[in-house]
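First up is the structure itself, then whatever we jot down about it.
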Amino acid sequence: MGRRGTAALECFGSMTTREPIGVIGTGYVGLVSAAGFAELGHEVWCIDVDAEKVARLRAGEVPIWEPGLGELVERHRGRLHFSTDIADALGHARLLFVAVGTPPTYSGDADLSAVRAVVNAMSPSDRHALVMKSTVPVGTGRHIQRLFKEQGKGEFRYVSCPEFLKEGSAVADFLGPDRVVVGDDGDWAGDAVVGLYAPLGAPLVRTDIASAEMVKLAANAFLATKISFINEIANVCEETGADVLEVARGMGLDERIGPKFLRAGIGFGGSCFPKDVSALKQLAGNSGYHFQLLNSVIEVNELQKRRVIGKLQKHLGGLVGKRIALFGLAFKPNTDDMREASSLVLSARLQADGASVVAFDPVAEDEARRLLPNVDFADTELGAVDGADAVVLVTEWPQFRELDWVEVAARMAGTTVIDGRNALDPEAVRAAGLAYEAVGRAQYTAAGSSSPTRRAPAPVT
């Protein structure tokens with residue numbers, strides 16, 4: 032937890048009452064937000080249409096894997112109230128934080144049916160504010176305000192308060208945010224939301240609703256662009272003999288650029304970046320503007336995942352009959368989220384080329400089994416490499432870096448290791464007699480060639 036979050040908890044420790052909060056949707060954003068508000072001293076009424084999920088939460092079972100979240104929910108079971116009836120939230124809280132899904136439709140536009148269902152469920156006599164946490168297109172606020180008027184709910188207010196939680200550090204992000212964005216019409220609802228977050232001491236951006244809605248899309252699209260850019264640089268490094276780790280280090284020391292999101296690899300995934308980049312591209316297109324840069328960002332990301340196949344073919348020749356071990360399946364470490372994970376594309380492409388796939392992930396296996404029915408799952412990292420012709424690091428869990436590569440080599444049938452996240456120690460892998468290849472590190476692509484001046488990548492944090 033950051034210093035701002037710790038200070039906030041000390042501040043709240045002396046306060047006995049806080050405004051009740053309603054949270055509609057107990058998915059990733061909703062549950063983390065609810066637990067965070069409970070940590071800050073609020074009574075929180077959490078509403079979800081999934082009766083089975085609500086029953087599990089009432090029993091103290093957290094359905095998602097996020098460091099620190101389970102402990103937070105358990106600590107505040109007395110403040111967290113779970114129900115399938117929105118009336119329970121309306122009866123206690125005037126601020127209703129909406130954290131429902133807004134997946135893309137076939138047309139590419141966001142599906143706002145769950146958001147509309149929340150609006151429709153509120154009676155005209157209620158005086159509340161909807162605080163939008165879900166990622167929605169610019170213009171959603173205007174749309175909801177129009178629905179309020181059409182349904183005789185003119186006393187309702189709308190606030191845009193986008194979330195910036197990173198999976199794997201979401202609890203700390205909630206309690207120690209790097210900024211809070213509040214978009215409103217300058218009324219009591221915006222004041223109330225600002226008041227909720229003020230004790231956290233984060234920089235505040237209070238603006239109009241449309242601008243707040245755009246901030247979330249623009250921020251994620253920029254970070255995705257940064258990732259695709261460094262992956263393009265990595266591909267050029269492989270052709271020219273440069274080392275992308277050194278290039279990124281030199282770039283990142285420029286304060287105008289910064290070091291974050293300059294880790295070359297096999298592309299981004301998850302619930303936010305792919306969806307938000309596509310959403311911003313769609314929004315621009317619907318507005319009559321062709322956002323050409325985002326087309327390239329998406330294309331680079333898709334092609335980057337498939338470059339692993341070319342690396343394997345270079346070392347193994349044809350993939351028919353080969354056994355490929357995937358280390359990691361979740362889209363990033365410290366989460367069990369499989370949405371848009373690179374492992375989904377890799378496993379499908381490998382099997383299409385005739386290879387068999389075995390995989391290990393320390394937390395994502397349950398969801399992966401549902402999404403990858405033809406993949407074999409190992410109980411351990413070493414179990415995955417038994418008889419494997421090649422190993423591909425897909426998700427940079429720290430434990431993969433700590434493997435005994437001599438033992439790995441002894442259990443493999445082949446000698447190829449593809450480091451898809453530039454997270455392993457090349458010298459340790461090579462010392463075990465294995466052929467190591469990374470992303471954008473040309474000096475490690477040819478057997479027996481490595482530069483003594485190059486350092487191993489820093490441990491994953």
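Sequential numbering of the sequence shown, starting at 32, is according to my numbering.
We treat Cβ as the ideally placed atom computed from N, Cα and C, and that holds for glycine.
Report task. Have a look at Asn-405, Met-163, Lys-353, Thr-256 and flag the residue whose alpha-carbon is nearest the alpha-carbon of Gln-323. Result -> For the purposes of this step, residue 323 is taken as residue 292 along the sequence shown, with counting starting at 1. The residue with the shortest Cα to Cα distance from Gln-323 is Thr-256.
Requested in this report: Just mark Ser-156 as buried or exposed, buried being the case when its beta carbon has 16 or more other beta carbons within 10 Å.
Outcome: Taking the sequence shown and counting its residues from 1, the one referred to as residue 156 is at position 125. Counting Cβ neighbours within 10 Å, Ser-156 comes out exposed, since fewer than 16 surround it.
Report task. Apply the 10 Å Cβ neighbour rule to Asp-367 and answer buried if 16 or more other Cβ atoms are within range, or exposed otherwise. Result -> The residue you call residue 367 lines up with position 336 of the sequence shown. Looking at its Cβ environment, which holds 16 or more other Cβ atoms inside 10 Å, Asp-367 is buried.
Report task. Would you check if there are 3 or more beta carbon pairs closer than 8 Å linking the stretch 406-419 to the stretch 432-443? Result -> yes
Report task. With DSSP collapsed to three states, give me the class of Ile-264. Result -> Within the sequence shown, numbered from 1, the residue matching residue 264 stands at position 233. Helix.
Requested in this report: Return the chain-ordered ranges of every beta strand (DSSP E) run that is complete within the stretch 411-441 and spans a minimum of 3 residues.
Outcome: 421-424
Query - Straight-line Cα distance separating Arg-177 from Asp-140 - result: The residue given as residue 140 occupies position 109 in the sequence shown. The residue given as residue 177 occupies position 146 in the sequence shown. Looking at the two C-alpha atoms, the distance is approximately 19 Å.
**Report entry** For Ala-356, the three-state DSSP class (helix, strand or coil)
**Finding:** Locating residue 356 in the sequence shown gives position 325, counting from the first residue. Three-state result, Ala-356: strand.
Query raised in the report: Near Thr-447, which residues of its chain fall below 8 Å by C-beta distance, leaving aside the five closest residues on each side in sequence?
Result: Mapped onto the sequence shown, residue 447 falls at position 416. Leu-343, His-346, Leu-347, Asp-420, Ala-421, Val-422, Leu-465, Ala-466, Glu-468.
Query raised in the report: If we call anything under 8 Å between Cβ atoms a contact, is Gly-471 one with Asn-332?
Result: Looking up residue 471 in the sequence shown gives position 440. Looking up residue 332 in the sequence shown gives position 301. Not a contact, by the Cβ cut-off of 8 Å.
**Report entry** heavy atom of the ligand SAM below 7 Å from Phe-187 C-beta
**Finding:** Because no ligand of any kind appears in the structure shown, any question about the ligand SAM cannot be addressed here.
Query raised in the report: What is the residue span of the beta strand (DSSP E) that Leu-161 lies within?
Result: Locating residue 161 in the sequence shown gives position 130, counting from the first residue. Here the beta strand (DSSP E) through Leu-161 covers 160-163.
Query raised in the report: From Val-308, Glu-269, Val-425, pick the residue whose C-alpha is nearest to that of Val-328; which is it?
Result: Residue 328 sits at position 297 when you count from the first residue of the sequence shown. The candidate whose alpha carbon is nearest that of Val-328 is Val-308.
Query - For Val-406 and Ala-390, believed in contact at Cβ under 8 Å, the rounded distance - result: Looking up residue 390 in the sequence shown gives position 359. Looking up residue 406 in the sequence shown gives position 375. Right, their Cβ atoms sit about 5 Å apart.
Query - Phe-179 (DSSP reduced to helix, strand or coil) - result: In the sequence shown, residue 179 corresponds to position 148, counting from 1. Phe-179: helix per DSSP, three-state reduction.
Query raised in the report: By Cβ distance below 8 Å, which residues in the same chain neighbour Val-202 in space, the five residues on each side in sequence not counted?
Result: Taking the sequence shown and counting its residues from 1, the one referred to as residue 202 is at position 171. Here the set comprises Met-32, Val-63, Ala-66, Gly-67, Glu-97, Pro-98, Gly-99, Leu-100, Leu-103.
Query raised in the report: For Tyr-137, which three-state DSSP category applies?
Result: Against the sequence shown, residue 137 aligns to sequence position 106. In this structure, Tyr-137 counts as coil in the three-state DSSP scheme.
Query raised in the report: Would Leu-424 pass as a contact of Arg-452 if the rule is Cβ separation under 8 Å?
Result: Within the sequence shown, numbered from 1, the residue matching residue 424 stands at position 393. Within the sequence shown, numbered from 1, the residue matching residue 452 stands at position 421. Their beta carbons are under 8 Å apart, which means Leu-424 touches Arg-452 by this criterion.
Query raised in the report: Which ranges does the alpha helix (DSSP H) cover as unbroken runs of at least 4 residues, wholly within the stretch 109-154, from first to last along the chain?
Result: Secondary structure within the stretch 109-154: the alpha helix (DSSP H) runs of 4 or more consecutive residues, fully enclosed, are 117-121, 144-152 (chain order).
Query raised in the report: Among the residues of its own chain, which have a CB less than 8 Å from the CB of Pro-24, if the five just before and after it don't count?
Result: Outside the shown range of the chain (32 to 492) lies residue 24, about which nothing can therefore be said.
Query raised in the report: Between the C-alpha atoms of Ser-302 and Lys-291, what's the straight-line distance to the nearest angstrom?
Result: As a working note, residue 302 is residue 271 in the sequence shown. As a working note, residue 291 is residue 260 in the sequence shown. Roughly 19 Å between the two C-alpha positions.
Report task. Check Phe-292 in the structure and name its three-state DSSP category. Result -> If you number the sequence shown from 1, residue 292 lands on position 261. It is coil, neither helix nor strand.
Query raised in the report: When you compare only the Cα positions, how much space is there between Ser-117 and Ile-78?
Result: Here residue 117 refers to the residue found at position 86 when the sequence shown is read from its first residue. Here residue 78 refers to the residue found at position 47 when the sequence shown is read from its first residue. Note that residue 117 corresponds to Ile in the displayed sequence, not to Ser. Rounded to the nearest angstrom, the two C-alpha atoms are 6 Å apart.
Requested in this report: Could you pull out every residue in the same chain whose Cβ sits closer than 6 Å to the Cβ of Gly-122, ignoring the five residues on either side in sequence?
Outcome: Taking the sequence shown and counting its residues from 1, one reaches residue 122 at position 91. Excluding positions up to five away in sequence, the list is empty.
Query raised in the report: How many Å lie between Pro-51 and Leu-127 at the Cα?
Result: Position 20 of the sequence shown, counting from 1, holds the residue named residue 51. Position 96 of the sequence shown, counting from 1, holds the residue named residue 127. Distance between the alpha carbons of Pro-51 and Leu-127 is about 10 Å.
Query raised in the report: Is it the case that the Cβ atoms of Leu-377 and Glu-412 are separated by a distance below 8 Å?
Result: On the sequence shown, position 346 is the one that residue 377 refers to. On the sequence shown, position 381 is the one that residue 412 refers to. In this structure, Glu-412 does not lie closer than 8 Å to Leu-377 by Cβ.
Requested in this report: Spatial neighbours of Glu-398 within its chain, please: CB distance less than 7 Å, with the 5 preceding and 5 following residues excluded, ordered by chain position.
Outcome: Residue numbering aside, residue 398 sits at position 367 when the sequence shown is read from its first letter. Excluding residues within five positions, the ones whose Cβ falls inside 7 Å are Asp-367, Met-369.
**Report entry** Cβ distance (whole Å) where Arg-110 is taken to contact Val-54 below 8 Å
**Finding:** Position 79 of the sequence shown, counting from 1, holds the residue named residue 110. Position 23 of the sequence shown, counting from 1, holds the residue named residue 54. The pair is not a contact, with the Cβ atoms about 12 Å apart (cut-off 8 Å).
Report task. May I have the straight-line CA-CA distance separating Ile-240 from Leu-455, to the nearest angstrom? Result -> Counted from its first residue, the sequence shown places residue 240 at position 209. Counted from its first residue, the sequence shown places residue 455 at position 424. The straight-line gap from Cα to Cα measures roughly 44 Å.
**Report entry** Range covered by the alpha helix (DSSP H) that runs through Leu-100
**Finding:** Within the sequence shown, the letter at position 69 stands for residue 100. That run of the alpha helix (DSSP H) goes 100-106.
Query raised in the report: From the DSSP output, which residues share a beta bridge with Trp-494?
Result: The displayed coordinates of the chain run from 32 to 492. Any statement about residue 494 would go beyond what the structure contains.
**Report entry** Inter-residue spacing [alpha-carbon to alpha-carbon] between Pro-404 and Gly-232
**Finding:** Indexing the sequence shown from 1 puts residue 404 at position 373. Indexing the sequence shown from 1 puts residue 232 at position 201. Rounded to whole angstroms, Pro-404 to Gly-232 spans 47 Å at the Cα level.
Query raised in the report: Looking at the unbroken beta strand (DSSP E) that takes in Ser-468, where does it start and where does it end?
Result: Within the sequence shown, numbered from 1, the residue matching residue 468 stands at position 437. Note that residue 468 is Glu in the sequence shown, not Ser. Element bounds for Glu-468: 466-468.
Query raised in the report: When DSSP labels each residue in this structure, what does Gly-53 get in the three-state scheme?
Result: To locate residue 53, count along the sequence shown from 1; it is residue 22. Judged by DSSP in its simplified three-state form, Gly-53 adopts strand.
Query raised in the report: Leaving out five residues before and five after Gly-91 in sequence, what residues of the same chain have Cβ atoms less than 8 Å from its Cβ?
Result: Along the sequence shown, read from residue 1 onward, the residue named residue 91 stands at position 60. Result list for Gly-91: Val-104, Glu-105, Arg-108, in chain order.
Query raised in the report: Buried or exposed: where does Asp-506 fall if 16 or more other Cβ atoms within 10 Å of its Cβ makes it buried?
Result: The question about residue 506 has no answer, for the chain in this structure spans 32 to 492.
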